[in-house]
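For the protein sequence lines, the chains are A and B, in the order given.
All letters in the first sequence, in the order written, are residues 1 to 129 by our numbering.
All letters in the second sequence, in the order written, are residues 1 to 586 by our numbering.
C-beta atoms are modelled at their ideal positions from N, C-alpha and C, and glycine is treated no differently.
Computed from a predicted model, the values in this text were never measured in an experiment.
Contents: one structure, followed by commentary.
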Amino acid sequence: MLDFKAKILVVDDFLTMRRIVRNLLKQLGYENITEAEDGEHAYVKLKGGGFGFVVSDWNMPNLDGLGLIRKVRSDPELKDLPFLMVTAEAEKEKVIEAIRAGVSNYVVKPFTAEVLKEKIEKIFSKAGK
Amino acid sequence: MDAEMQEIVSDFVTEAEESLDRIDPLFVDLETNGEDQEILNDIFRCLHTLKGAAGFLGFQQVVDVAHASESILKKLRDGEIGLTKRLADVILRSVDTLRVLIGHVKHGEDVLEETGPLLAALADALAQASGKGDPADALPVPVSAVVPDPPKVASAPPGPVPAGPAIKGEQLPAPAGPEGQRGVPDRRDALQNLRVDIERIDKVMDLTGEVVLARNRLLTLVNAIGSRYGDDPALENLSETVSFLDLVTSDMQLSVLKMRMQPLQKVFGKFPRAVRDMASTMGKDIELKISGEETEVDRSVIEHIGDPLIHIIRNAIDHGIEPPDVRKARGKKERGVISIDASQKGTQVLIQVSDDGRGIDTDCVKRKAVEKGLVTAEDAERMTDEAAIHLIFQPGFTTMDVATELSGRGVGMDVVQTSISRLNGYVEIKTRKDGGTTFRISIPLTLAIIQSLMVRAGGGQYAIPLALVEEILRVASKELAVTAGQKVLVIRDRVHPYFELSELLGKKSPPDPAFRYAVVVAVGENRFCLGVDKLVGEEEVVIKPIEGLTMESSHMIGATITGEGKVVLILDLASISRNMSGPNRT
């Protein structure tokens, strides 16, 4: 399971969404949360190191979630970083595209803390194997 | 709701308002520059993000409306349909509705708007633009049926592990949209704006107030020193420096005030929809004309002026504007007109709300006030029409069965008066039988710093807000006449009631001196003179609230510290004026 002290990056261009996700993570017991407002900023922060998990929105300016996961997966330092993609409406082709690009899982908004927990558990039970 | 959630909601409101405010100019861009993918995507993203966050927070109506217009934007962006005026209109309409909805969230109002017609209009516009006439291809209606339903999603089985086929296990909420375009550069001038906590600005405002006070004190000191050591060359430098400080302080004060200023559009923008809704509920046909919405006022005015204005508008619709058939019978246009106009007049902002309805029947108001025991029959008899109209502002006075078609809410107009007074403003009413009613609201541009006239009366010093002072006269005591027990002063053939300030404040009247200073004050149409012992001078004062003092009964709006370092009370002229023109005067 993801360590409660793990450094988590929440990526979304909408401040409110970042706060909502942060709040949900807090409810689950995660406290060490950093925010980024788009894929580019996120990538810079990830390169800074130390992150154990990323929750990223899809539709963002500059570099969107798909661009970010591609960049992350092609980076030797970050290629194994657990990555949860937040999507608005799940559309099959789109989600498949994200999965092909290497997201660890995805979650459709709006979601509850409980759903988020399940997704995280899935990701980390797999990663732990 | 816990504090955290409350904060999130308040952030959401701010961000949502900003997103919505960005859309109007983007549409203007679109119309001037033609269809631009980038702009379309930008608008799409505004709505899309808004919808996403609203979904989390459970604002279903916001989700519905944002979703419906987002669907159109998506098709526009993907080039499936072209932009028509009708589409633009209907999208802008949904933006307005979203503003209204966000407004409800902001004010914690648990109200639902009638969004059905809008959603249908969005669907129609899309169907028409698609040109195929294929309803299945058009916007799905009803929209709420296709928006992901939070509990459903919450109970959905856990998502698939990263493997393609597993995706079938995920319960997919209905219609989907491509999730965004890649590599679109951000059009937002993120660096041009800074989001600052209002508390910080208020702190700066507060400190500026202190600097103003210190500046005033310095000016006084320099004058005092100047008169004593006038020849000292060093004094010139000191004077120069203080003059410079004086100028800079004024500029700084203005800059800080501007930081807090926002256009009245923020408030007025809600009215068209509100008027349309109320008019249709009450079976009236009403056109709303708004002008001067670009007038900027202090943020606190923005926050508090909406409710009283809506109250006045509701009254105009309810009691003022006649039903179409009545209007026709009276030879008026069937469609009634309510106009709202804002303008800046010196240091005051003037907001007028007029209707062309039946006007207020003063006899009826008097009768009602007597019935309710607000005034005695004799008082009512003596009362001028002007004074009688102001009876509607009395607590306990409701317009129930004064006019026809009554709302029966029993909410009196006194809340309007109270709200405006809190903003240090005043309301006036002009009405003409069958000619309509006009409410004139006057509010100081800023609530914190005012120009004042310092006077002495009854042994104390007081500050009178200068904006309301018309002139000052030195009058010999024998020029004062007495009519019906009231002292009056005739100025240029006009009779003004005259009051000794000291008596108004419950102090003993001054011994009969040879002459007095009469400060002529105009609160709206109400002019009167305040007799004082001495004029001290003009001073810019910072209004500080006085704790534990009932402002209304004391005729004070607050206190300030003068250049000499003395605490001085600031008169509330509006309250004094009300008291003397009101029915309770004895």
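Could you tell me whether the Cβ atoms of residue i and residue j are closer together than 8 angstroms?
i: Ile123/A; j: Gly102/A; result: no
i: Leu445/B; j: Gln344/B; result: yes
i: Asp318/B; j: Gly336/B; result: no
i: Asn23/A; j: Ile8/A; result: no
i: Ile576/B; j: Val519/B; result: no
i: Val353/B; j: Ile340/B; result: yes
i: Pro497/B; j: Val490/B; result: no
i: Leu218/B; j: Val242/B; result: yes
i: Met454/B; j: Thr347/B; result: no
i: Ala66/B; j: Phe14/A; result: no
i: Ile313/B; j: Ile290/B; result: no
i: Leu391/B; j: Val375/B; result: yes
i: Thr14/B; j: Gln61/B; result: no
i: Tyr426/B; j: Val523/B; result: yes
i: Gly52/A; j: Ala6/A; result: yes
Which term fits residue i, buried or exposed, when burial requires 16 or more other beta carbons within 10 angstroms of its beta carbon?
i: Pro61/A; result: buried
i: Ser280/B; result: exposed
i: Ala123/B; result: buried
i: Met556/B; result: buried
i: Ile198/B; result: exposed
i: Val521/B; result: buried
i: Asp57/A; result: buried
i: Leu254/B; result: exposed
i: Thr384/B; result: exposed
i: Ile96/A; result: exposed
i: Leu264/B; result: buried
i: Ala3/B; result: exposed
i: Val95/B; result: buried
i: Ala377/B; result: exposed
i: Leu119/B; result: buried
For residue i, which of helix, strand or coil comes out of DSSP?
i: Arg494/B; result: strand
i: Gly103/B; result: helix
i: Asn526/B; result: strand
i: Gly52/A; result: strand
i: Thr560/B; result: strand
i: Val211/B; result: helix
i: Phe393/B; result: helix
i: Ala457/B; result: strand
i: Arg432/B; result: strand
i: Glu503/B; result: helix
i: Ile450/B; result: strand
i: Asp512/B; result: coil
i: Leu84/A; result: strand
i: Lys270/B; result: coil
i: Glu114/B; result: coil
i: Met205/B; result: helix
i: Asn62/A; result: coil
i: Pro324/B; result: helix
For residue i, tell me which candidate among the options has the shortest Cα-Cα distance.
i: Arg215/B; options: Arg200/B, Phe59/B, Leu245/B; result: Leu245/B
i: Gly320/B; options: Ile360/B, Ile351/B, Asp298/B, Ala342/B; result: Ile360/B
i: Ser421/B; options: Thr438/B, Ser442/B, Arg432/B; result: Ser442/B
i: Ala125/B; options: Asp307/B, Lys106/B, Leu76/B, Asp572/B; result: Leu76/B
i: Ile39/B; options: Leu50/B, Leu26/B, His48/B, Lys51/B; result: Leu26/B
i: Ile91/B; options: Asp512/B, Ser69/B, Val521/B; result: Ser69/B
i: Asp78/B; options: Asn41/B, Glu109/B, Asp64/B; result: Asn41/B
i: Ile43/B; options: Asp572/B, Leu213/B, Glu293/B, Ala16/B; result: Ala16/B
i: His41/A; options: Ile120/A, Lys26/A, Leu25/A, Lys71/A; result: Lys71/A
i: Val54/A; options: Ser125/A, Glu118/A, Asn105/A, Lys109/A; result: Asn105/A
i: Arg195/B; options: Asp11/B, Ala388/B, Glu547/B; result: Asp11/B
i: Gly67/A; options: Phe83/A, Val107/A, Glu121/A; result: Phe83/A
i: Leu257/B; options: Gln60/B, Arg299/B, Arg367/B; result: Arg299/B
i: Met85/A; options: Thr16/A, Val108/A, Thr34/A; result: Val108/A
i: Thr295/B; options: Lys266/B, Leu309/B, Val111/B, Asp285/B; result: Lys266/B
i: Lys74/B; options: Val21/A, Asn59/A, Glu37/A, Ser74/A; result: Asn59/A
i: Glu540/B; options: Lys508/B, Ser452/B, Ser554/B; result: Ser452/B
i: Thr135/A; options: Glu118/A, Asp12/A, Met1/A; result: No information on residue 135/A is available, as it lies outside the stretch 1 to 129 that chain A covers here.
Contact between the stretch 99–110 of chain B and the stretch 16–27 of chain B: three or more CB pairs below 8 angstroms?
Between the stretch 99–110 of chain B and the stretch 16–27 of chain B, the count of C-beta pairs closer than 8 angstroms reaches three or more; the two stretches touch.
Evaluate contact between the stretch 431–439 of chain B and the stretch 474–484 of chain B, counting only Cβ atoms and requiring at least three cross-stretch pairs below 8 angstroms.
Result no; under three Cβ-Cβ pairs closer than 8 angstroms.
Any 3 or more C-beta pairs closer than 8 angstroms across the stretch 104–115 of chain A and the stretch 67–84 of chain B:
No, the stretch 104–115 of chain A is not in contact with the stretch 67–84 of chain B.
Given 8 angstroms as the limit, is there contact between the stretch 229–242 of chain B and the stretch 266–274 of chain B, that is, 3 or more CB pairs closer than that?
Fewer than three beta-carbon pairs drawn from the stretch 229–242 of chain B and the stretch 266–274 of chain B are found closer than 8 angstroms, and the two stretches are therefore not classed as touching.
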